[in-house]
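> In my numbering, the protein residues as written are 3 to 392.
All residues carry an ideal CB built from backbone N, CA and C; glycine is no exception.
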Amino acid sequence: MALRFEVLAACGAARRGRLTTPHGTVDTPAFLPVGTAGAVKGVPPQELAASGASILLANLYHLALRPGIDVIERLGGLHRFVGWPGPLLTDSGGFQVWSLGHLRRVDEDGVTFRSHLDGSPLRFTPEGVADWQARLGVDVAMALDECLPWPVTREAAEASWRRTLGWARRSREAWRGPGGLFGIAQGSAFRDLRERAAADLGRLDFDGYAIGGVSVGEPAAERLAAVEWTAPALPASRPRYLMGVGYPADILHAVRHGVDLFDCVLPARNARHGLLFTRHGVLRIKNAAFREDPRPVDAACACPCCSRLSRAFLHHLARAGELTASVLATLHNLRFYLDFMAALRQAIELGTLTELTAMFAIRSTGEDPPDDPHPGSDPESSDPREKRSP
RNA sequence: GGAGGCGUGGCCGAGUGGACAAUGGCAGCAGACUGUAAAUCUGCCGGGCUAAGCCCUACCGAGGUUCGAAUCCUCGCGCCUCCA
């Protein structure tokens with residue numbers, strides 16, 4: 003078996019684990035920064051390691067389109083190509099079935115995309131996707147799945163799951179890579195379907211199991227429910243991976259239900275858009291309130307940004323549209339997420355999970371963000387400009 | 001001295017008799033973002049109200065023509081270009 007997963011400690015359903023891959027180990031719960039095209043936008047691979055990342059996510063659809071699987075293979079595989087020697091996971095392109103919904107056609111055998119770059123057709127089948135990921139040499143490959151939009155009828159969700167399950171089976175049989183292969187459970191917002199999907203998938207003996215089909219625009223309650231239904235129904239001996247989630251509160255919630263791995267574009271994208279995560283809540287650095295704020299973004303953070311730069315400077319760079327603002331903010335948000343995950347791991351070992359909500363300014367789980375017309379008025383926040391995380 | 005051109009909301013800049021509180025862009029104020037077609041997108045952006053409607057004040061200034069003027073005329077003021 004290419005991957006080994008051990009559960010080192012538990013706290014309720016939450017697990018403190020270790021995933022061993024061909025390119026190194028991943029302490030779980032872990033967060034995977036999203037490097038769609040091979041790098042997190044604005045962050046060189048070396049800096050990523052310094053931020054505390056142990057495993058990086060890249061995207062097969064985007065890499066297959068550009069520069070092409072052949073090119074990466076000839077250049078010595080994905081690790082060498084992107085300059086990241088640690089564990090790598092590639093998403094299969096299943097998410098693009100949703101996000102690029104108008105550019106693809108799904109049939110029983112697979113998916114045909116029309117390139118968003120030049121319109122040329124590109125065929126994705128379970129076997130082809132497994133083969134590409136094997137040739138890239140990734141540590142964790144994802145089976146091709148159909149990520150459904152929300153909402154969707156029960157009939158559509160059921161038919162889709164039957165198809166995705168077939169693809170999962172074919173992927174499992176086709177997998178010849180050096181790393182492990184994860185299957186992805188779907189089921190949309192239907193409890194019995196979610197539970198059945200988890201059970202169906204669990205019988206296929208994957209190296210890990212993902213919960214897919216969330217964070218596609220559904221209400222928070224449904225997203226949380228999908229996790230609560232699916233996670234416990236997946237094999238306990240393998241890592242569980244919640245794809246595309248989320249805010250710290252979502253992550254904490256999922257960890258409490260036994261999820262081990264997460265990935266999300268939020269820390270990187272929000273950073274580029276001027277939204278910074280801090281231990282005192284969220285902060286929109288471009289807001290006028292920070293123009294002359296000499297304090298660091300988060301005094302408790304050791305990222306390159308917080309260790310010597312002021313909010314005022316970051317505010318200035320962001321307003322000036324300077325590239326460096328994005329770089330610094332991304333470095334910070336990633337560091338925040340990775341610190342959060344480290345704290346989560348420690349809390350599971352110590353049995354102090356509950357205290358995290360205060361440490362990282364997490365308001366609650368299981369609720370949509372409140373419609374507060376005056377955010378920042380939380381009495382627990384030391385500064386009215388620091389807003390609580392959703 | 002002569003000839004011509006131009007002055008529009010914080011800035012740039014459309015509009016050249018009614019559909020104009022006045023297109024755009026920038027700046028400004030706020031918000032969104034969840035397995036990345038995102039360094040993106042959205043809302044507000046003269047003032048006031050018993051606000052999807054109404055009322056004021058507005059296109060350098062002052063007069064005028066007209067049912068009606070940012071748009072036409074006259075006179076100022078300011079700026080620019082060319083020729084001497």
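(1) Ala-238 to Ala-187, Cα distance in whole Å?
(2) Measuring CB to CB, does Gly-179 end up less than 7 Å from Asp-209?
(3) Got a sec, what are the start and stop residues for the beta strand (DSSP E) Tyr-339 sits in?
(4) In chain order, what residues of the same chain have a beta carbon less than 7 Å from the beta carbon of Ala-327, not counting five sequence neighbours either side?
(5) Are at least three pairs of beta-carbons, each pair with one atom in the stretch 31-41 and one in the stretch 252-263, less than 8 Å apart?
(6) Label Gln-98 either buried or exposed according to how many other C-beta atoms from any shown protein chain fall within 10 Å of its C-beta, with 16 as the threshold for buried.
(7) Opposite Asp-29 in the DSSP bridges: which residues?
(8) Between Phe-192, Pro-123, Gly-185, which lies nearest to Arg-156 when the distance is taken from Cα to Cα?
(9) So, is Glu-49 buried or exposed, given that buried needs 16 or more other C-beta atoms within 10 angstroms?
(10) Would you decide whether His-275 is buried or exposed? Buried here means 16 or more other CB atoms lie within 10 Å of its CB.
(11) Check the DSSP bridge columns for Val-108 and list the partner residues they point to.
(12) Quick one, which of Trp-152, Leu-62, Trp-100, Arg-347 has its alpha-carbon nearest Arg-137's?
(13) Going by Cα to Cα distance, which pick from Ala-304, Leu-277, Cys-303 is closest to Phe-292?
(14) Quick check on this structure: which residue in Arg-286, Asn-335, Gly-139 has the alpha carbon closest to the alpha carbon of Gly-79?
(15) So, is Val-73 buried or exposed, given that buried needs 16 or more other C-beta atoms within 10 angstroms?
(16) Could you tell me the distance, in whole angstroms, from the CA atom of Pro-87 to the CA atom of Arg-6?
(17) In terms of DSSP beta bridges, what is Arg-6 paired with?
(18) Under three-state DSSP, which class holds Met-245?
(19) Apply the 10 Å Cβ neighbour rule to Pro-296 and answer buried if 16 or more other Cβ atoms are within range, or exposed otherwise.
(20) Which partner residues does Asn-61 have in the DSSP bridge list?
(21) Just verifying my parser: in three-state terms, what is the DSSP assignment at Val-131?
(22) Please work out which residues of its chain come closer than 7 Å, Cβ to Cβ, to Leu-10, disregarding the five sequence neighbours upstream and downstream, and give them in chain order.
(23) Can you tell me the Cα-Cα spacing of Val-36 and Phe-184, whole angstroms?
(24) Could you give the distance in angstroms between the alpha-carbon of Asp-133 and the alpha-carbon of Leu-65?
(25) Whole-angstrom Cβ separation of Val-142 and Leu-91, contact assumed at under 8 Å?
(26) DSSP state of Asp-265, grouped into three classes?
(27) Hey, could you find the ends of the beta strand (DSSP E) Thr-280 is sitting in?
Taking the definition as stated:
(1) Taking the first residue of the first sequence as position 1, residue 238 is located at position 236. Taking the first residue of the first sequence as position 1, residue 187 is located at position 185. Taking the straight line joining both Cα atoms gives about 15 Å.
(2) Here residue 179 corresponds to residue number 177 of the first sequence, with the count starting at 1. Here residue 209 corresponds to residue number 207 of the first sequence, with the count starting at 1. Going by C-beta atoms, Gly-179 is not nearer than 7 Å to Asp-209.
(3) Looking up residue 339 in the first sequence gives position 337. Where Tyr-339 is concerned, there is no enclosing beta strand (DSSP E), although the alpha helix (DSSP H) it sits in stretches over 325-352.
(4) Counting from one through the first sequence, the residue named residue 327 turns up at place 325. Leu-316, Leu-319, Ala-320, listed in sequence order.
(5) Yes, the stretch 31-41 is in contact with the stretch 252-263.
(6) Sequence index remark: in the first sequence, residue 98 carries index 96 (1-based). Counting Cβ neighbours within 10 Å, Gln-98 comes out buried, since at least 16 surround it.
(7) To locate residue 29, count along the first sequence from 1; it is residue 27. Asp-29 is bridged to Arg-20.
(8) As a working note, residue 156 is residue 154 in the first sequence. Nearest C-alpha to Arg-156: Phe-192.
(9) As a position in the first sequence, residue 49 is number 47, starting the count at 1. Burial is judged here by how many other beta carbons sit within 10 angstroms of a residue's own beta carbon; Glu-49 has at least 16 and is buried.
(10) Taking the first sequence and counting its residues from 1, one reaches residue 275 at position 273. That one is exposed.
(11) Along the first sequence, read from residue 1 onward, the residue named residue 108 stands at position 106. Looking at the DSSP assignment, Val-108 forms a beta bridge with Val-113.
(12) As a first step, residue 137 is located in the first sequence; it is residue number 135 there, counting from the start. Residue nearest to Arg-137 within the set Trp-152, Leu-62, Trp-100, Arg-347 is Leu-62 (criterion: CA-CA distance).
(13) As a first step, residue 292 is located in the first sequence; it is residue number 290 there, counting from the start. Measuring from the Cα of Phe-292, the nearest candidate turns out to be Leu-277.
(14) If you number the first sequence from 1, residue 79 lands on position 77. For the residues Arg-286, Asn-335, Gly-139, the minimum Cα distance to Gly-79 belongs to Gly-139.
(15) Taking the first sequence and counting its residues from 1, one reaches residue 73 at position 71. Burial call: exposed.
(16) Taking the first sequence and counting its residues from 1, the one referred to as residue 87 is at position 85. Taking the first sequence and counting its residues from 1, the one referred to as residue 6 is at position 4. Straight-line Cα distance between these residues: approximately 19 Å.
(17) The residue given as residue 6 occupies position 4 in the first sequence. Partner(s): Thr-22.
(18) Locating residue 245 in the first sequence gives position 243, counting from the first residue. Coil, per DSSP.
(19) Counted from its first residue, the first sequence places residue 296 at position 294. Answer is exposed; the Cβ neighbour count stays below 16.
(20) Reading the first sequence from its first residue, position 59 is the one you call residue 61. Note: Asn-61 sits in a beta bridge opposite Asp-93.
(21) Here residue 131 refers to the residue found at position 129 of the first sequence. Note: Val-131 maps to helix in three-state DSSP.
(22) Here residue 10 refers to the residue found at position 8 when the first sequence is read from its first residue. Excluding positions up to five away in sequence, the list reads Arg-18, Gly-19, Arg-20.
(23) Locating residue 36 in the first sequence gives position 34, counting from the first residue. Locating residue 184 in the first sequence gives position 182, counting from the first residue. Roughly 17 Å separates the two Cα atoms.
(24) Translated into positions along the first sequence, residue 133 becomes position 131. Translated into positions along the first sequence, residue 65 becomes position 63. Here the alpha carbon of Asp-133 sits roughly 14 Å from the alpha carbon of Leu-65.
(25) The count along the first sequence starts at 1 and reaches residue 142 at position 140. The count along the first sequence starts at 1 and reaches residue 91 at position 89. Contact holds; Cβ gap of about 4 Å.
(26) Residue numbering aside, residue 265 sits at position 263 when the first sequence is read from its first letter. Here Asp-265 sits in strand by DSSP.
(27) What you label residue 280 is simply residue 278 of the first sequence in a count that begins at 1. Thr-280 -> beta strand (DSSP E) spans 277-280.
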